[in-house]
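Chains as they are written, first to last, in the numbering used here: chain P, 101 to 248; chain Y, 101 to 248.
C-beta: ideal position from N, C-alpha, C; glycine also.
Computed from a prediction, not measured in an experiment: that's the story for all the values here.
A quick write-up on the structure given underneath.
2 protein chains.
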Amino acid sequence: MDEGELLKIEDQLCFALYSTSRAITKEYAVLLETMGVTYPQYLALMVLWQRDGILVQDIAKGLEVDQATATPLVKRLEKLGFVTRKRSAADERRVEVYLTETGKELYKTALAVPHGLGCAIGVDQARAKKLIDELNNIKAFIAKKNEE
Amino acid sequence: MDEGELLKIEDQLCFALYSTSRAITKEYAVLLETMGVTYPQYLALMVLWQRDGILVQDIAKGLEVDQATATPLVKRLEKLGFVTRKRSAADERRVEVYLTETGKELYKTALAVPHGLGCAIGVDQARAKKLIDELNNIKAFIAKKNEE
DNA sequence: TATTATTAATTAGTACACTATTTATTTGCT
DNA sequence: AGCAAATAAATAGTGTACTAATTAATAATA
Numbered sequence: 101m102d103e104g105e106l107l108k109i110e111d112q113l114c115f116a117l118y119s120t121s122r123a124i125t126k127e128y129a130v131l132l133e134t135m136g137v138t139y140p141q142y143l144a145l146m147v148l149w150q151r152d153g154i155l156v157q158d159i160a161k162g163l164e165v166d167q168a169t170a171t172p173l174v175k176r177l178e179k180l181g182f183v184t185r186k187r188s189a190a191d192e193r194r195v196e197v198y199l200t201e202t203g204k205e206l207y208k209t210a211l212a213v214p215h216g217l218g219c220a221i222g223v224d225q226a227r228a229k230k231l232i233d234e235l236n237n238i239k240a241f242i243a244k245k246n247e248e
Numbered sequence: 101m102d103e104g105e106l107l108k109i110e111d112q113l114c115f116a117l118y119s120t121s122r123a124i125t126k127e128y129a130v131l132l133e134t135m136g137v138t139y140p141q142y143l144a145l146m147v148l149w150q151r152d153g154i155l156v157q158d159i160a161k162g163l164e165v166d167q168a169t170a171t172p173l174v175k176r177l178e179k180l181g182f183v184t185r186k187r188s189a190a191d192e193r194r195v196e197v198y199l200t201e202t203g204k205e206l207y208k209t210a211l212a213v214p215h216g217l218g219c220a221i222g223v224d225q226a227r228a229k230k231l232i233d234e235l236n237n238i239k240a241f242i243a244k245k246n247e248e
């Protein structure tokens, strides 16, 4: 690769990830419209459907975002009526997040989303699995490098 | 895959893309610190280094973002002293974006970034190429589907 | 030519996402 | 017990991204 090619935007892995990620998020938006949530809000609900009553920081960890990002996200879910927030009695610093009945109900609707998205982006399970593994390898490499 | 597994966040391609994209952007931030630009600003400069004097909308197209995202991005680059904005004489609606001398100088520093990032995320050229192709296929599928 | 449609950029408003800082609480240690 | 360190959330401030609406200029056409 000669020098002139070095800084072409379309040849860079990071740009491919950045733009593809946003393109897929837009496809999600269409599917999530009936549920009335955004993509990050949907991710937070997915974490809660797996385990209810967790802390704000558990949601942050699940989404791999900063706690300062999770706080307003949870507040918006509360305003939408999908979760409630409750100070922990055992430790007043903690805030436990619980699904409301409406929030639990939403799970049924959400079950249709993954298949819908698979169709929307034209990727089957097997191909998705391979890509996910590749991406997780990259994330693991970065994480390992940074923990030193 | 049984139903309980269906909505696990870590099994979803989109989440892998979303989180990996952000993880890599953070690695970029370290490399771009000396240049004093953010990752999207660096992308905009890459487009300008390829072709100077383009319109705001050309930058939007290059980055695959909305024009409404490109406008403030270019303004920030102007405030940083890397570009100037000039209304087109031929068509007053258009705004042409030109690199300043400082903006052109920055190219030399930027040449070191791709290799630095390759090391930071542990992905060599060959592996990157394969992943980029996969991601471009997905984007192409979505684009084709949406143009109908 | 006068009107309508289109185009380019911007603005308005919402929602992330980040770093750094602050507040309140709890732990650890002497 | 008393005080420093650590922890959990929240706040402050900046920079993306998006949709929808607005403004100004140009193109198209009846």
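Does any C-beta atom of chain P lie closer than 7 Å to the C-beta of Phe-77(Y)?
-> Past the boundaries of the shown model lies residue 77(Y); chain Y is included only from 101 to 248, so the question cannot be answered.
Going along the region 224-244 of chain Y in order, which residues come within less than 7 Å of chain P, judged by CB to CB distance?
-> Cβ contacts with chain P: Ala-228, Leu-231, Ile-232, Glu-234, Leu-235, Asn-236, Ile-238, Lys-239, Phe-241, Ile-242.
In the DSSP assignment, find the beta strand (DSSP E) that holds Glu-196(P) and state where it starts and stops.
-> As a first step, residue 196(P) is located in the first sequence; it is residue number 96 there, counting from the start. From DSSP, the beta strand (DSSP E) with Glu-196(P) extends over 195-199.
With distances taken between CB atoms, is the gap from Ser-121(Y) to Leu-117(P) smaller than 7 Å?
-> Counting from 1 along the second sequence, the entry for residue 121(Y) is found at position 21. Counting from 1 along the first sequence, the entry for residue 117(P) is found at position 17. Yes, these two residues count as a Cβ contact at 7 Å.
Cβ of Thr-120(P) less than 7 Å from any chain Y Cβ?
-> Residue mapping note: residue 120(P) aligns to position 20 of the first sequence, counting from 1. Interface with chain Y (7 Å Cβ-Cβ cutoff): Thr-120(P) is included.
Roughly how many angstroms lie between the CA atoms of Ser-188(P) and Glu-164(P), to the nearest whole one?
-> By one-based count along the first sequence, residue 188(P) stands at place 88. By one-based count along the first sequence, residue 164(P) stands at place 64. Looking at the two C-alpha atoms, the distance is approximately 23 Å.
Measure the C-alpha to C-alpha separation of Lys-245(Y) and Arg-193(P) and round it to an integer number of angstroms.
-> As a first step, residue 245(Y) is located in the second sequence; it is residue number 145 there, counting from the start. As a first step, residue 193(P) is located in the first sequence; it is residue number 93 there, counting from the start. Here the C-alpha atom of Lys-245(Y) lies approximately 48 Å from the C-alpha atom of Arg-193(P).
For Thr-134(Y), does the three-state DSSP call read helix, strand or coil?
-> Within the second sequence, the letter at position 34 stands for residue 134(Y). In the structure shown, Thr-134(Y) sits in coil (DSSP, three-state: anything other than H, G, I, E or B).
Glu-247(Y) at chain P interface by Cβ criterion, 7 Å | Start at 1 with the first residue of the second sequence, and residue 247(Y) comes out as number 147. No, no contact with chain P.
Enclosing alpha helix (DSSP H) for Arg-227(P) [first to last residue] | Within the first sequence, numbered from 1, the residue matching residue 227(P) stands at position 127. Segment 225-247, the alpha helix (DSSP H) holding Arg-227(P).
Local Cβ density within 10 Å of Val-130(Y), reported as buried at 16 or more and exposed below that = Locating residue 130(Y) in the second sequence gives position 30, where the first residue counts as 1. The residue is exposed, with fewer than 16 neighbouring Cβ atoms inside 10 Å.
Please state whether DSSP places Lys-108(Y) in a helix, a strand or coil.
-> As a working mapping, residue 108(Y) is identified with position 8 in the second sequence. Shown here, Lys-108(Y) sits in coil according to DSSP, grouped into three states, outside any helix or strand.
Neighbour flag for Ile-55(P) against chain Y, beta carbons, 7 Å | The question about residue 55(P) has no answer here: the residues shown for chain P are numbered 101 through 248.
Can you tell me the Cβ-Cβ gap for Val-137(P) and Leu-113(Y), rounded? I've got them flagged as a contact below 8 Å.
-> Taking the first residue of the first sequence as 1, we reach residue 137(P) at position 37. Taking the first residue of the second sequence as 1, we reach residue 113(Y) at position 13. Actually they are not in contact, since the Cβ atoms of Val-137(P) and Leu-113(Y) sit about 19 Å apart, beyond 8 Å.
Under 7 Å, do Glu-205(P) and Gly-153(P) count as touching if we go by C-beta distance?
-> The sequence position of residue 205(P) within the first sequence is 105, counting from 1. The sequence position of residue 153(P) within the first sequence is 53, counting from 1. No. Outside cutoff.
Per DSSP, the bridge partner or partners of Ile-154(Y) | Your numbering for residue 154(Y) matches position 54 in the second sequence. In DSSP, Ile-154(Y) forms a bridge with Val-197(Y).
Interface residues of chain P facing Val-137(Y) [CB-CB closer than 9 Å] | In the second sequence, residue 137(Y) corresponds to position 37, counting from 1. The contacting residues do not exist; Val-137(Y) stays about 13 Å from chain P at best.
Look at the Cβ atom of Gln-157(Y), then the Cβ atom of Gln-167(Y), and state whether they are nearer than 7 Å.
-> Position 57 of the second sequence, counted from the start, is the residue given in the question as residue 157(Y). Position 67 of the second sequence, counted from the start, is the residue given in the question as residue 167(Y). Yes. Within cutoff.
Contacts that Val-147(P) makes with chain Y (C-beta to C-beta distance below 8 Å) = Locating residue 147(P) in the first sequence gives position 47, counting from the first residue. Here the neighbours are Ile-109.
CA-CA distance, Phe-182(P) and Asp-111(Y)?
-> Translated into positions along the first sequence, residue 182(P) becomes position 82. Translated into positions along the second sequence, residue 111(Y) becomes position 11. Cα to Cα, Phe-182(P) sits roughly 23 Å from Asp-111(Y).
Express the C-alpha separation of Ala-160(Y) and Leu-132(P) in angstroms, rounding to a whole number.
-> On the first sequence, residue 132(P) is found 32 positions in, with the first residue counted as 1. On the second sequence, residue 160(Y) is found 60 positions in, with the first residue counted as 1. Cα-Cα distance, rounded: 26 Å.
Tyr-198(P) to Leu-148(P), Cα distance in whole Å?
-> For this step, residue 198(P) is matched to residue 98 along the first sequence. For this step, residue 148(P) is matched to residue 48 along the first sequence. Looking at the two C-alpha atoms, the distance is approximately 8 Å.
Opening and closing residue of the alpha helix (DSSP H) in which Val-213(Y) lies = In the second sequence, the residue the question calls residue 213(Y) occupies position 113. 213-221 is the span of the alpha helix (DSSP H), which, as asked, contains Val-213(Y).
Chain P within 7 Å of Cys-219(Y), Cβ atoms only = On the second sequence, position 119 is the one that residue 219(Y) refers to. By this cut-off, Cys-219(Y) is not an interface position.
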